[in-house]
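Asker: What follows is a structure written as structure tokens; I'll ask about it next.
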Amino acid sequence: MIKIITYCFFDLVRSRWSYVYFSFYLLLSFALLFLNNDTSKAVISLMNIITVLTPLIGTIFGVMYYYNSREFIELLLSQPIKRSHIFIGQYLGVAISLSLSLILGLGIPFLLYGVLQGATSNFLMLLTVGSFLTFIFVALAYNIALTHENKIKGFGYAILVWLLMAVIYDGVFLISLVMFQEYPLDNASLIATAFNPIDLSRILILLKLDISALLGYTGAVFKSFFGTSLGLITSLFVLVLWVVIPIFFIYRKAQRKDF
Numbered sequence: 001m002i003k004i005i006t007y008c009f010f011d012l013v014r015s016r017w018s019y020v021y022f023s024f025y026l027l028l029s030f031a032l033l034f035l036n037n038d039t040s041k042a043v044i045s046l047m048n049i050i051t052v053l054t055p056l057i058g059t060i061f062g063v064m065y066y067y068n069s070r071e072f073i074e075l076l077l078s079q080p081i082k083r084s085h086i087f088i089g090q091y092l093g094v095a096i097s098l099s100l101s102l103i104l105g106l107g108i109p110f111l112l113y114g115v116l117q118g119a120t121s122n123f124l125m126l127l128t129v130g131s132f133l134t135f136i137f138v139a140l141a142y143n144i145a146l147t148h149e150n151k152i153k154g155f156g157y158a159i160l161v162w163l164l165m166a167v168i169y170d171g172v173f174l175i176s177l178v179m180f181q182e183y184p185l186d187n188a189s190l191i192a193t194a195f196n197p198i199d200l201s202r203i204l205i206l207l208k209l210d211i212s213a214l215l216g217y218t219g220a221v222f223k224s225f226f227g228t229s230l231g232l233i234t235s236l237f238v239l240v241l242w243v244v245i246p247i248f249f250i251y252r253k254a255q256r257k258d259f
């Protein structure tokens, strides 16, 4: 599996799209820090971009890489290599390369501007959340691609999943809170947030920056739970589950996949 991860990693590192992805975050971070020396405000601006763009890029790259490497996969399947090692190795190669582009693209400008002198923990939380979102949505994309042979259907369902998580879910969540505002919704809000990694990641960053008032009605609820050490650990554990469970389904589908 290590060889497959290494091959996929360097294959993507040599891709011009990886350089574009890295350069985008690099230039964006420099621009935000140049316009505003307050790293906390720069983190907030980057959070709004990362929680939307990172899942989209992870989804597109995951689906695209799988479909473009079908012949390579078939070649590997003819060798004495476990199916799970092939698919999970490819997934890890894609996710690690995208995460590295994100970390370097954000890390270089912040280090040059002296992030270690200020909001180090906020910046580390931003990198952690971005990496988690990358691993989660690449895994979801691989599950979709393994399920659908047709490229058009695969890309369509992948974009639909991203839209549901990034846009539609929030709208339905807010409408539900307004419609049932007369009822106690504390526990329901916490559970609903756990079912969307994008919302969970956004809330973790906002609470880390101590600006949970921006969350409105649910701000107090999230602050009372996610703001504690136990809440932080629980939230990170839920994000880990969002990575582990899709990987398990990749493993299951790889065993049954018929080429």
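Read in full-length UniProt numbering, the sequence shown has 19 at position 19, and its numbers run on one by one without any break.
All residues carry an ideal CB built from backbone N, CA and C; glycine is no exception.
These numbers come from a predicted model, not from an experiment.
#1: Give a yes or no on contact between the stretch 133 to 150 and the stretch 231 to 248, applying the rule of three or more CB pairs nearer than 8 Å.
#2: Quick one: residues in its chain with C-beta nearer than 8 Å to the C-beta of ILE96, no 5 flanking neighbours on either side, listed in chain order?
#3: From ALA194 to ASN68, what does the alpha carbon distance come to, in whole angstroms?
#4: Alpha carbon to alpha carbon, how far is GLN79 from GLN255? Give it in angstroms, no decimals.
#5: Within a Cβ cutoff of 6 Å, which residues of the same chain sit near TYR65, ignoring the five residues on either side of it in sequence?
#6: Quick one: grab the DSSP three-state call for GLU74.
#7: Is MET1 helix, strand or coil when you go by DSSP?
#8: Three Cβ pairs or more, each shorter than 8 Å: is that satisfied between the stretch 121 to 129 and the stretch 137 to 149?
#9: Have a look at residue 260 and THR39 and give me their C-alpha separation to the nearest angstrom.
#10: Report the three-state DSSP secondary structure of PHE87 (helix, strand or coil).
#11: If you drop the 5 nearest sequence neighbours on each side, which residues of the same chain put their C-beta closer than 7 Å to that of residue 266?
#12: Assign MET179 to one of two classes, buried (16 or more other C-beta atoms within 10 Å of its C-beta) or exposed (fewer than that).
#13: What do you reckon, are the CB atoms on TYR19 and LEU106 nearer than 7 Å?
#14: What's the C-alpha gap between VAL172 and ALA192?
#15: If we ignore side chains and look at the alpha-carbon of each, how far apart do LEU27 and ILE57 end up?
#16: Curious, which full-length alpha helix (DSSP H) runs of at least 4 residues does the stretch 147 to 203 contain?
#17: With a threshold of 7 Å between beta carbons, is LEU232 in contact with chain C?
#18: My output table needs one value for GLN255: the three-state DSSP class, helix, strand or coil.
#19: Using DSSP with H/G/I as helix, E/B as strand and the rest coil, what is ILE81?
#20: Identify whether TYR65 lies in helix, strand or coil by the three-state DSSP scheme.
#21: Run the CB neighbour count on VAL167, radius 10 Å, all protein chains shown included, and call it buried at 16 or more, exposed below.
#22: Hey, could you find the ends of the alpha helix (DSSP H) ARG16 is sitting in?
#23: Using a Cβ-Cβ cutoff of less than 8 Å, which residues in the same chain neighbour ARG83 once the five nearest sequence positions on both sides are dropped?
#24: Between the Cα of LEU12 and those of ILE86, PHE34, GLN90, spot the shortest distance and give me the residue it belongs to.
#25: Nearest by alpha-carbon distance to LEU236: which of ILE203, LYS41, ILE50 is it?
Answerer: Concretely, from the data shown:
#1: yes
#2: ILE5, PHE9
#3: 33 Å
#4: 15 Å
#5: VAL94
#6: helix
#7: coil
#8: no
#9: Since the displayed the chain opens at 1 and closes at 259, residue 260 lies outside it and no answer follows.
#10: helix
#11: For residue 266 there is no data in the structure shown, the boundaries of the chain being 1 and 259.
#12: exposed
#13: no
#14: 11 Å
#15: 17 Å
#16: 151 to 163, 169 to 179, 186 to 194
#17: You won't find chain C in this structure, because it holds only one protein chain.
#18: helix
#19: coil
#20: helix
#21: exposed
#22: 16 to 35
#23: LEU77, ALA254, GLN255, LYS257
#24: GLN90
#25: ILE203
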